[in-house]
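Quick notes on the structure that follows.
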Amino acid sequence: MLDLAFKNIKRQKTRTFLTVLGIVIGIAAIVALGSFAEGINIMVQEELEPIAGKIMVIQKGSGGYMTGFQGSDITDEQIENIKSIAGLEDVVPMSMYIGKMVPMRGPEWVVIGIDITKGRYFVGENIEMHDGRDFVEGETGVVTIGKTIADRYNLEVGDYFTVKNDDFEIIGIYELTNVGDVDTGIIMPIEDMHNLLDTDTYQMVFVIPEDVRETEIIAEKIEDEDEMLSAVTEKEMSREVSQVVDQIRIMTFGIGAIAAVVGGLGVMNTMIMAVMERRREIGVMKAVGATNRMVLQQILTESALISLIGGFIGLFLGMLASFGMTGFTGGFVTAAVTPLLAATAIGFAFLLGIIGGLYPAWKAGKLDPVEALRYE
Amino acid sequence: MSKEHIAEAKNITKVYNPGMESEVRVLKDVDLSINKGDFVSILGPSGSGKTTLLDIIGCLLKPTTGKVVIDGIETNNLNDRELAKIRGEKIGFIFQQYNLISSSTALENVALTMRINGKSKNEAEERARKLLHMVGLGERLTHLPSQLSGGEQQRVAIARALANEPKIILGDEPTGNLDTKTGMKILNLLKDLNKEKGYTIILVTHDQRISGFANTVINIRDGEIIKIIKKRKGRGK
Ligand SMILES: Nc1ncnc2c1ncn2[C@@H]1O[C@H](COP(=O)(O)OP(=O)(O)O)[C@@H](O)[C@H]1O
Ligand SMILES: [Mg+2]
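Protein chains in written order, with our numbering: chain A, 46 to 421; chain B, 555 to 791.
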């Protein structure tokens, strides 16, 4: 009897409010933290977009994508070796230099050194220039930059950008691509990059197969050919990233769940008190024909109701927090409340209500009506 | 077991806390048959076992030995669920402390009993309204118990007891908390229900005056029936 349950939980307004609040905090934490994990997932998957259909070759045991492949140095000789594999459309060596790193927001800018005739492999074939022009062959000492970077530092074509101690003239600004590394990227000729890093090796090589369906096979061939190299495809990377993201998900859910379980204990406490206060009433219900089960269900309904109200409010506040976080990170992490996350939060709240209500409901169910009615 | 016996208790004993130091033998071999349409008063001093006996007849309490038959159904071997069903369908309780649900209106209190026994909310409230009119509370439907006098609360309780058209109405000192005048009104209401609607009524009391309304008076002392007085039909007030 849902109407009765509503009426009953309204009897002790302050107590119900505090109990609901306990659940709200826990569920909001689950939603907010979970949406952050989801945002990280989306962000990382987006970062992988530029290598879709390509193979990324790096030195085995070097640092990963997020560290700019530190310690990876692939020589020209190794690149010639890769080129000898059949079925390749192109082989594009490149190097990266991570500029300013900002906590919570990732790198503020990234320099990509690439054979400028093949820069489009990194930027994307269909991306237009927002202003200025693309590279011409043989050019050095110049850079093209992403829109985000241009906006952030108020840069225009003709301005100079300083990397380490060298100044580079900006010849073009790309339109917004919504791919992080392009929008915050500074593309420069690989020769300049070599000078900058004082090396003649490459951190990674993009290998583009003629037939996209061959991607996996070619990746294997590259690794067979040169055991110093590790060839990863988007699929593989995405799988690895997913594992990390899953760990983040579990961790954030764990933190939220602890808070929510504390809220669940509050529900249990409240329902135990409610059952004690309503002993006589429960006795009457039994005297007029209520079965143990009916009484049990009534108490469970009430505790589930308290929890669900908390769950929905928590979900709402968690979503607000999620929007807030997106703003706080300047859009670097777009926290997202997926339907699955929302359903998990509500389901968890419901579960807490049922588990928290189980003991008091069981006590109420087996309450002896004679004793309850005698009880003064 | 005559068919017209609506309630029978055979060789009932009740021992609280058996085997323990605090063991109390409350009922000793009580035999009782109640006819359809009877108005019975069980009279005895405080502590004589009246409430215990009423609870046993009302299937709220199991006797230690002996058997109880309600409307032809032997209740000894019934489980909790089946006993709840008998209470819901065949028995209406009235208590000394009224025992209304404090957060619910008069109407909701009466309706709840019917909803517990499977009626829909609308159906239950419809009948609750009629019953409250019948007991003279047609103007008090949406009052909370705290907004009603003791006599009015007991009328709500009577309406509640009638809700599922029970075979027997059991009252445990229903006038115990009321002043004499109000108590008499409640007794008159019960008497009318007995006379005009044919409800079987069993009241437990230590108040001699109530017996004037009954056609059968059972005297109980220390858990034993010491005297049963059956008045001739029509002599009750
Ligand atoms: N649950 C119980 N445990 C132990 N003793 C009880 C219990 N219930 C009632 N008694 C005792 O049984 C006796 C009869 O009680 P009761 O049936 O309430 O009598 P009455 O209604 O006539 O006053 C009293 O002495 C009372 O203390
Ligand atoms: Mg008593």
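Beta carbons are placed, not taken as given, at the ideal position from N, Cα and C, and that holds for glycine. Please read all numbers here as calculations on a predicted model, not as lab measurements.
Ligand 1 has a heavy atom closer than 7 Å to the beta-carbon of Ser600 of chain B.
Asn653 of chain B carries a coil assignment under DSSP once its states are collapsed to helix, strand and coil.
Under the DSSP assignment, Asp726 of chain B falls in the beta strand (DSSP E) whose first and last residues are Ile722 to Asp726. Taking Phe647 of chain B as the centre and dropping the five residues before and after it, the same chain places the C-beta of Gly612, Ala715 and Leu724 closer than 7 Å to its C-beta, in chain order. By alpha-carbon distance to Thr244 of chain A, the top candidate from A:Val378, A:Asp118, A:Gly392 and A:Ala319 is A:Asp118. Each residue's CA atom was taken as its position, placing Tyr198 of chain A and Thr222 of chain A some 18 Å apart.
Under the three-state reduction of DSSP output, Glu270 of chain A falls in the helix class. Within the segment 326 to 338 of chain A, those residues whose Cβ lies closer than 9 Å to any Cβ of chain B are, in chain order, Glu326, Gly328, Val329, Met330, Lys331, Ala332, Val333, Gly334, Ala335, Thr336, Asn337 and Arg338. Excluding five sequence positions before and after Ile267 of chain A, the CB atoms of its chain that fall closer than 8 Å to its own CB belong to Ile100, Val102, Ile127, Ile130, Val252, Leu274 and Ala276, given in chain order. Remark: the shortest separation between the CB of Asn773 of chain B and any heavy atom of ligand 1 does not fall under 7 Å. Looking at the DSSP output, Gly217 of chain A bridges to A:Gly177 and A:Thr189.
Within 10 angstroms of the beta-carbon of Glu83 of chain A lie 16 or more other beta-carbons, which makes it buried. Listed in chain order, the non-local C-beta contacts of Arg338 of chain A below 7 Å within the same chain comprise Gly410, local neighbours out to five positions each way being set aside.
Under the three-state reduction of DSSP output, Lys781 of chain B falls in the strand class. Beyond the five residues adjoining it in sequence on each side, Ser140 of chain A comes within less than 6 Å, by CB distance, of Gly158, Met238, Tyr247 and Gln248 in the same chain, given in chain order. Between Thr770 of chain B and Val594 of chain B, the beta carbon gap of about 5 Å places them in contact (Cβ cut-off 8 Å). Its Cα nearest to that of Tyr652 of chain B, the residue A:Ala332 stands out among A:Glu220, A:Ala332, A:Gly392 and A:Met146. Glu220 of chain A and Met174 of chain A have their C-alpha atoms roughly 6 Å apart. Listed along chain B, the residues sitting closer than 7 Å to Val415 of chain A by beta-carbon distance are Asp609, Leu614 and Leu615.
Just measuring C-alpha positions, the residue of B:Arg694, B:Glu662 and B:Val578 sitting nearest Asp776 of chain B is B:Val578. Across the segment 46 to 64 of chain A, CB contacts with chain B closer than 9 Å involve Met46, Asp48, Leu49, Lys52, Asn53, Lys55 and Arg56, in sequence order along the chain. Fewer than three Cβ pairs drawn from the segment 606 to 621 of chain B and the segment 690 to 702 of chain B lie within less than 8 Å of each other, which leaves the two stretches out of contact. Put simply, the CB of Leu412 of chain A is far from chain B, with every gap to its CB atoms at 8 Å or more. Residue pairing for Tyr166 of chain A: DSSP places it in no beta bridge.
Lys192 of chain A is classed as buried because its beta carbon has at least 16 other beta carbons within 10 Å across all chains shown. The C-alpha of Ser703 of chain B lies about 15 Å from the C-alpha of Phe649 of chain B.
When Cβ pairs closer than 8 Å are counted between the two stretches, the segment 179 to 196 of chain A is seen to touch the segment 204 to 217 of chain A, the count reaching three or more. By the 16-neighbour rule on beta-carbons within 10 angstroms, Arg284 of chain A is exposed.
For the 8 Å CB-CB criterion, Met233 of chain A and Val188 of chain A form a contact. Looking at the DSSP output, Ile774 of chain B bridges to B:Ile779.
Close CB contacts of Thr629 of chain B within its chain, under the 6 Å cut and outside five residues either way in sequence, are with Cys613 and Val622 (chain order). Between Met668 of chain B and Ala660 of chain B, the C-beta gap is not smaller than 8 Å, which leaves the two residues out of contact.
Three or more pairs of CB atoms, one per stretch, sit closer than 8 Å, so the segment 340 to 356 of chain A contacts the segment 50 to 65 of chain A. Membership of Gln104 of chain A in the beta strand (DSSP E) is indicated by the continuous run Ile100 to Gln104.
CA-to-CA, the gap between Ala388 of chain A and Trp154 of chain A works out to about 37 Å. Between ligand 2 and the CB of Thr605 of chain B, the shortest heavy atom gap is smaller than 7 Å.
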